[in-house]
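Here's the structure, in C-alpha cells; my notes come after.
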Amino acid sequence: MAGLAPLNALRAFEAAARQGGFVGAAEELNVTPAAVGQQVRQLEALIGAPLFEREGRKLILTERGAAALEPLRRGFELMGEASAALRVAQAAPTLTLAADHDIMTAWLGRDLSGVDVAIRLVLVGEEADLTLKRSSLATVPAGAERVMDEVLTPLARPGLVPSEAGLDVLERLPLIEDSRSGLSWADWLSARGGYGLEAQARLKVSESLAALALAEQGAGIVLGRKPLAYDAIRAGRLAPVFANGDQPSDQAYFLHYAAGRSPSAVATRIAQHLKACAAARQDLAGEL
Numbered sequence: 005m006a007g008l009a010p011l012n013a014l015r016a017f018e019a020a021a022r023q024g025g026f027v028g029a030a031e032e033l034n035v036t037p038a039a040v041g042q043q044v045r046q047l048e049a050l051i052g053a054p055l056f057e058r059e060g061r062k063l064i065l066t067e068r069g070a071a072a073l074e075p076l077r078r079g080f081e082l083m084g085e086a087s088a089a090l091r092v093a094q095a096a097p098t099l100t101l102a103a104d105h106d107i108m109t110a111w112l113g114r115d116l117s118g119v120d121v122a123i124r125l126v127l128v129g130e131e132a133d134l135t136l137k138r139s140s141l142a143t144v145p146a147g148a149e150r151v152m153d154e155v156l157t158p159l160a161r162p163g164l165v166p167s168e169a170g171l172d173v174l175e176r177l178p179l180i181e182d183s184r185s186g187l188s189w190a191d192w193l194s195a196r197g198g199y200g201l202e203a204q205a206r207l208k209v210s211e212s213l214a215a216l217a218l219a220e221q222g223a224g225i226v227l228g229r230k231p232l233a234y235d236a237i238r239a240g241r242l243a244p245v246f247a248n249g250d251q252p253s254d255q256a257y258f259l260h261y262a263a264g265r266s267p268s269a270v271a272t273r274i275a276q277h278l279k280a281c282a283a284a285r286q287d288l289a290g291e292l
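Residue numbers (my numbering): 5 to 292.
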C-alpha cells in the first residue's frame, strides 16, 4: 500500500465533498471546520493539485476531486462492512452442527432459539463440530452419547378414531406406514398379540415428517416416531390412538463431537444445551 494517502485526510475530503462544505463535514466527523480544511489542504499538497474550487461559500469539486469521490465512497462503505463483520464475529462464536433432516425440521428451530452462538446447520455426513443423529443401537457411532430413545406409537388426527377403540380399528381405518421408522404395522401388532388382524398400510411414506403430516390431515393412522410428533401432540394436531401404544425401537438419538480433535468450549456448551432439550422432550413425551 505504498503511497496511500493518510486515512483522516481522505475521510475529511470525502465528507466535505458529500456535504458540500467544511461545516457539514465537521459536524459529521465531530471535529472543527478548520480541522477539516487542514486535512483537505494536506491531501491537496500531497497530490499536488486542488480538489475543490470555491464559488461563494460553496465548494465545487475539481475534475481530480470528482474522479476520486466515488471510489472513496465505495472504499469507506466496504471498510464499514468489514468492521461490522469483525464485531459480529467477535460477539458470536460459530459452530457447525450436523443433523438429520427430520431432527433439523422438528426440533432445532426451537432448541437453538436464544443461544448466543452463530450456528451453521448441515446434514449428517458433512464436516461438523457436533452431530445429532438417529442410529441403530447395534451401530452406535464411536464416542457418541445417547441422548434420547426412539419410540413408535399409532397417531391420528383427533376425532378420527372412536374413543376406547380396540386393535380391530386398524382393519377398518386407513393406515400410514413410515418406511424410515424401522417398524412395520405387522411388527407393532405382533408385539401385542394381534396376529389374526389384517392391518395393511394403505400409504407407505419414505419421509417421517411427511407421514406425520398426512396423519394430521386426516389421511389415516400413522405408526409415527413419537419424538418427532411431540409438538403436534402437545398442540392437539395429533393424538395417540391407544393408551398403551408406545413401542420402543432399536434406534436412538446420539450426539457426538467431530472425530480426531478436542471439542471446543462452544461445542461443549451447545452439546450440553441439546442434551438438556432432549431429556426434557423425552420426559414430557412420556406423559402424552
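All residues carry an ideal CB built from backbone N, CA and C; glycine is no exception.
| Asked | Found |
| --- | --- |
| Expected contact under 8 Å - CB spacing of A160 and A256 to nearest Å | Rounded, the Cβ-Cβ distance is 25 Å, inconsistent with contact. |
| Buried or exposed (CB count within 10 angstroms, at least 16 for buried), M83 | exposed |
| Assigned exposure category for I180 - 16 Cβ within 10 Å defines buried | buried |
| Pair within 8 Å by beta-carbon distance, L99 and V245 | no |
| Burial state of P252, where buried means 16 or more other Cβ atoms lie within 10 Å | exposed |
| Residue closest to L65, alpha-carbon to alpha-carbon, out of F26, G197 and G113 | F26 |
| Three-state class that DSSP yields for T100 in the structure shown | strand |
| Straight-line gap, I107 to A283 (C-alpha atoms, nearest Å) | 15 Å |
| Distance CB(L187)-CB(L156) smaller than 8 Å | yes |
| CB-CB length for L47 against A20, believed under 8 Å | Wrong, their Cβ atoms sit about 10 Å apart, outside the cutoff. |
| A110 vs L136 beta-carbon contact at 8 Å | no |
| Inter-stretch contact at 8 Å, needing at least 3 Cβ pairs: the region 202 to 219 / the region 143 to 153 | no |
| Beta-carbon separation (whole angstroms), L134 vs L171, contact threshold 8 Å | Actually they are not in contact, since the Cβ atoms of L134 and L171 sit about 42 Å apart, beyond 8 Å. |
| Euclidean distance between Cα positions of E130 and Y261 | 13 Å |
| With 16 other Cβ atoms within 10 Å as the buried cut-off, status of E81 | exposed |
| Cα-Cα separation between S167 and A247, rounded to whole angstroms | 10 Å |
| CA-to-CA distance, A16 to G24, given in whole angstroms | 12 Å |
| Contact belief for S185 with R241 at Cβ below 8 Å, rounded distance in angstroms | About 19 Å; that fails the 8 Å criterion. |
| Runs of beta strand (DSSP E) wholly within the region 148 to 182 (minimum 3 residues, chain order) | 149 to 160 and 179 to 182 |
| Between the CA atoms of A29 and D235 - distance to the nearest angstrom | 57 Å |
| Whole alpha helix (DSSP H) elements within the region 8 to 80, 4-residue minimum | 11 to 23, 26 to 33 and 37 to 51 |
| Cβ-Cβ separation, C281 to D120 (assumed contact under 8 Å), whole Å | Incorrect: roughly 16 Å between the Cβ atoms, too far for contact. |
| Distance CB(A243)-CB(P178) smaller than 8 Å | no |
| Extent of the continuous beta strand (DSSP E) run through P252 | Q251 to Y261 |
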